[in-house]
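Student:
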Amino acid sequence: RDTNSQRYPHAEFASVSGHDAELFKDVFSPEFEASVTAAAEKRCKPNARDATLIGTFSDNELPWAKVWGGGFLDDYLSLPAGSAGFTQALKFLKDRYPGIATFNSLWDTKYENFESITSKEGFKPGPAFDRERAAADREAFLEIVSRRYHSVVYKAFKKADPNHLVLGTRFLTGEVPLAVARGMRGNVDVVGANCYALRSFPAKFFKDFSEAAGAPILLTEFGYSGYDSGVPMDHSGAIPRVVETQAERADKYAWYMKAALATPEIVGACWWWYLDGFAGRNIGNFGFIDWKDQLWKVLADRATWVNHGIYSTILSNPGANLGPEAPLYKVRWHSDLKLDNDPSSAPDLDIHMDKALKYEGFGFDQAGLRADAAFTQDHNNLYISIRVYDKDVKTYAKDFIEKNHPNIWEMDGVEIRLGWIQGLLYFDQDKPVLSLVPTDPMPGISTSGKILKDGYFLQAKIPKADLGPVIQDKRLRLAIGVNDGIAGERHRQLQWPASFEWIYEETYAIGDLTRTKR
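Residue numbers (our numbering): 5 to 522.
1) On a Cα-Cα basis, can you pick out the residue from Thr308, Leu97, Glu116, Gly218 that is closest to Ala138?
2) Would you mind sorting His168 into buried or exposed? The rule is 16 or more other CB atoms within 10 Å of its CB.
3) If you count every other CB in all the chains shown that lies within 10 Å of the CB of Gly417, and 16 or more means buried, which is it?
4) Enumerate, from N- to C-terminal direction, the unbroken alpha helix (DSSP H) stretches of 4 or more residues contained entirely within the region 168 to 228.
5) Within 10 angstroms of the Cβ of Ala15, are there 16 or more other Cβ atoms? Answer buried if so, exposed if not.
6) Could you say if the region 194 to 204 and the region 73 to 86 meet the contact criterion of at least three C-beta pairs nearer than 8 Å?
7) In its own chain, which residues sit with a C-beta less than 7 Å from the C-beta of Arg253, not counting the 5 before and 5 after it?
8) Let me make sure I understand the geometry here. Which of Thr224, Asp193, Thr249, Asp78 has the alpha-carbon closest to that of Gly234?
9) State yes or no: is the C-beta of Leu182 within less than 8 Å of the C-beta of Phe145?
10) At which residues does the beta strand (DSSP E) containing Ser87 begin and terminate?
11) May I ask you to report which of helix, strand or coil DSSP gives Pro102?
12) From what residue to what residue does the beta strand (DSSP E) around Val156 run?
13) Are there 16 or more other CB atoms within 10 angstroms of the CB of Phe61, so buried, or fewer, so exposed?
14) Return helix, strand or coil for Ala330, following the three-state DSSP convention.
15) Short of 7 Å in beta carbon distance, which residues of its chain neighbour Gly86, apart from the five on each side in sequence? Order them along the chain.
16) In whole angstroms, what is the alpha-carbon distance linking Ile104 and Ser120?
17) Along the chain, where does the alpha helix (DSSP H) that runs through His312 open and close?
18) Around the Cβ of His409, are there at least 16 other Cβ atoms within 10 angstroms (buried) or fewer (exposed)?
19) At the level of alpha carbons, what is the spacing between Arg306 and Lys162?
20) Going by the beta-carbon positions, is the gap between Ser389 and Thr380 smaller than 8 Å?
21) From what residue to what residue does the alpha helix (DSSP H) around Ala44 run?
22) Contact criterion: CB-CB distance below 8 Å. Does Lys296 meet it with respect to chain D?
23) Using beta-carbon positions only, say whether Asp63 and Thr173 come within less than 8 Å of one another.
24) Roughly how many angstroms lie between the CA atoms of Leu171 and Ala93, to the nearest whole one?
25) Shortest alpha-carbon distance to Leu386 belongs to which of Pro166, Phe107, Ile449, Phe290?
26) Rounded to whole angstroms, what is the Cα-Cα separation between Gly178 and Asn51?
27) Measuring only the C-alpha atoms, how far is Pro166 from Ser33?
28) Could you say which of Tyr115, Glu116, Lys114, Phe127 lies nearest to Phe90 if we only look at CA atoms?
29) DSSP puts Pro467 in a beta bridge; with which residues?
30) List, from N- to C-terminal side, the alpha helix (DSSP H) runs of 4 residues or more that fit wholly inside the region 394 to 448.
31) Taking Trp111 as the reference, give the member of Ala140, Lys211, Lys457 with the closest Cα.
32) Nearest to Val486 by alpha carbon, out of Gly187, Gly427, Phe290, Lys435?
33) According to DSSP, Phe461 sits in a beta bridge with which residue or residues?
34) So, with DSSP's three-state summary, where would you put Asn487?
35) Do you know offhand how far Glu419's Cα is from Ala42's?
36) Distance, Cα to Cα, Ala44 vs Gly218?
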């Protein structure tokens, strides 16, 4: 019997860890297990007989990925000695290594024994550590953390509510390693994934993740906004991809749903927001309905067409046309920059960012930003040089940045991504500063630059000897962005390649750059 008056199917959130982009709980601690049990009693048990409930999410967008180096193994080894998480990490190392000498040689450390690993500064590998071995260790431990998290959640949720699905953590597509999926196996009914795709749909990622997790995928957020809506785009929350018109929103809806239907591992997709927002975190043209309760008819009509055709498409005609194709904007590949053991092979190479592959963020005209970027190299170094035209350049005290770790998207500066390395170049008064996202040791990056009357110039010099760990198949994966701190929002930025989808390899690679000889 339905004890809930809701008419439509819905899902619930338990938020056993909260939404925190910096921290992750010690999942081995008794406190974590107690918090999960309490959340299950509060959020799952009262809904056990709700016939309109699909299931319950445990959390939203937990920081599973340590994509710029480091990892949960490092974090847990930095916990206080005697804590549950530290004890588990220490046991992991003892099981994996024959002795501390072998560990020291591979991680470039000088510990007397495993018990002496922790310190006030936390665990850190030495600069000459074996990155391949460290990556393997971190991946193996991440799977253990994932299995512990998901097994505790699954057991508690099913005990409190055996009638509904456990929907996972709603992770960010492309930013979660497969080790996390392997830890999910047997501990989720469905995998929730937030996926905002504009130019490429990551079907292979979903196939691999679903296979590793042993569960189907539910796309729990997607959406598109239109410049022609007249709705402000000053949102700092979710970022639906922005297109020019409502007709293009409709085209993209059809393209996305067709791609989802063509991916057997996907069992559903949820549009981000019902109503356009004009205030607070959710401001933007997210909705099917505007602020005056008027329907965005072009989008609604296309969605109706698409949705009515879903079951016939699945059951009888998988190739059915769900409406006009949206353009895919495939990435244009250029000749590769090869950074191998012979850097003198192209000493005068001059790589300029292709303006056609530049992405301009939401409401960009308000920012008034322009920029030109180039990559050059000599025998020993790679140089990243960028000239930014900005009406009002903001500076930031380095001490404040290092202490408070503000969102780099909300500052004036230049984002640089080189493989797993990510940092922000900005100014402390008139001094250029590089702030790296927490990462493995990356010595040798030096900066120069100056503030100009109409903007600023910045350059980073990176020794080629330090780039080896981030080169894959002689290709340097790369992206660069320029941010507008006046806006205080991540949407007002220039970015190369021409997409926010840098998490997908085809839009985050040296192939997106043109090259010319001097």
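Note that beta-carbon positions come from the ideal geometry of N, C-alpha and C, so glycine has one too. These numbers were taken from a predicted model, which means no experiment stands behind them.
Tutor: Checking against the coordinates, here is how it stands:
1) Counting from one through the sequence shown, the residue named residue 138 turns up at place 134. Comparing Cα positions, the closest option is Leu97.
2) Position 164 of the sequence shown, counting from 1, holds the residue named residue 168. With 16 or more Cβ atoms within 10 Å of its Cβ, His168 is classed as buried.
3) On the sequence shown, residue 417 is found 413 positions in, with the first residue counted as 1. Buried, since its Cβ has 16 or more Cβ neighbours within 10 Å.
4) Complete alpha helix (DSSP H) runs here, min 4: 182 to 188, 207 to 217.
5) Looking up residue 15 in the sequence shown gives position 11. Per the 10 Å Cβ criterion, buried.
6) No contact exists between the region 194 to 204 and the region 73 to 86.
7) What you label residue 253 is simply residue 249 of the sequence shown in a count that begins at 1. Cβ within range, chain order: Tyr228, Gly230, Val247, Leu303.
8) What you label residue 234 is simply residue 230 of the sequence shown in a count that begins at 1. When only C-alpha atoms are compared, the closest one is Thr249.
9) Within the sequence shown, the letter at position 178 stands for residue 182. Within the sequence shown, the letter at position 141 stands for residue 145. Remark: C-beta atoms of Leu182 and Phe145 do not approach each other more closely than 8 Å.
10) For this step, residue 87 is matched to residue 83 along the sequence shown. For Ser87, there is no enclosing beta strand (DSSP E), as DSSP marks it with neither H nor E.
11) Your numbering for residue 102 matches position 98 in the sequence shown. Of the three classes helix, strand and coil, the one that applies to Pro102 here is coil, per DSSP.
12) By 1-based counting over the sequence shown, the position of residue 156 is 152. For Val156, there is no enclosing beta strand (DSSP E); the enclosing alpha helix (DSSP H) covers residues 135 to 164.
13) Numbered from 1 along the sequence shown, position 57 holds the residue referred to as residue 61. The residue is buried, with at least 16 neighbouring Cβ atoms inside 10 Å.
14) Sequence index remark: in the sequence shown, residue 330 carries index 326 (1-based). Residue placement at Ala330 cannot be trusted, given a pLDDT of 36 that sits under 50; what the coordinates show is reported in the next sentence. Coil.
15) As a first step, residue 86 must be located in the sequence shown, where it is residue number 82. Here the set comprises nothing.
16) Along the sequence shown, read from residue 1 onward, the residue named residue 104 stands at position 100. Along the sequence shown, read from residue 1 onward, the residue named residue 120 stands at position 116. It is roughly 10 Å from the alpha-carbon of Ile104 to the alpha-carbon of Ser120.
17) Along the sequence shown, one-based indexing puts residue 312 at 308. 301 to 312 is the span of the alpha helix (DSSP H), which, as asked, contains His312.
18) Within the sequence shown, residue 409 is the residue found at index 405, counting from 1. Exposed, since its Cβ has fewer than 16 Cβ neighbours within 10 Å.
19) As a working mapping, residue 306 is identified with position 302 in the sequence shown. As a working mapping, residue 162 is identified with position 158 in the sequence shown. Just so you know, the alpha carbons of Arg306 and Lys162 end up roughly 38 Å apart.
20) In the sequence shown, residue 389 corresponds to position 385, counting from 1. In the sequence shown, residue 380 corresponds to position 376, counting from 1. Yes. Within cutoff.
21) Numbered from its first residue, the sequence shown carries residue 44 at position 40. Residues 34 to 47.
22) Considering every chain present, this structure includes no chain D. It has just one protein chain.
23) Numbered from 1 along the sequence shown, position 59 holds the residue referred to as residue 63. Numbered from 1 along the sequence shown, position 169 holds the residue referred to as residue 173. Going by C-beta atoms, Asp63 is nearer than 8 Å to Thr173.
24) Mapped onto the sequence shown, residue 171 falls at position 167. Mapped onto the sequence shown, residue 93 falls at position 89. So the alpha carbons of these two residues sit roughly 28 Å apart.
25) Indexing the sequence shown from 1 puts residue 386 at position 382. If we check each option's Cα against that of Leu386, Ile449 comes out closest.
26) Residue numbering aside, residue 178 sits at position 174 when the sequence shown is read from its first letter. Residue numbering aside, residue 51 sits at position 47 when the sequence shown is read from its first letter. In this structure, the CA atom of Gly178 is about 32 Å from the CA atom of Asn51.
27) In the sequence shown, counting from the first residue as 1, residue 166 sits at position 162. In the sequence shown, counting from the first residue as 1, residue 33 sits at position 29. Taking the CA atoms as reference points, Pro166 sits about 25 Å from Ser33.
28) Stepping through the sequence shown from its first residue, residue 90 is reached at position 86. For the residues Tyr115, Glu116, Lys114, Phe127, the minimum Cα distance to Phe90 belongs to Phe127.
29) As a working mapping, residue 467 is identified with position 463 in the sequence shown. DSSP, once it has assigned bridges, lists Asn385 as partnering Pro467.
30) Complete alpha helix (DSSP H) runs here, min 4: 402 to 408.
31) Walking along the sequence shown from the start, residue 111 turns up at place 107. For Trp111, the closest of Ala140, Lys211, Lys457 by C-alpha to C-alpha distance is Ala140.
32) Numbered from 1 along the sequence shown, position 482 holds the residue referred to as residue 486. When only C-alpha atoms are compared, the closest one is Gly427.
33) One-based indexing of the sequence shown puts residue 461 at position 457. Phe461 pairs with Arg391, Lys454.
34) Counting from one through the sequence shown, the residue named residue 487 turns up at place 483. Strand.
35) Residue numbering aside, residue 419 sits at position 415 when the sequence shown is read from its first letter. Residue numbering aside, residue 42 sits at position 38 when the sequence shown is read from its first letter. Near 41 Å, if we compare the C-alpha coordinates of Ala42 and Glu419.
36) The count along the sequence shown starts at 1 and reaches residue 44 at position 40. The count along the sequence shown starts at 1 and reaches residue 218 at position 214. Looking at the two C-alpha atoms, the distance is approximately 23 Å.
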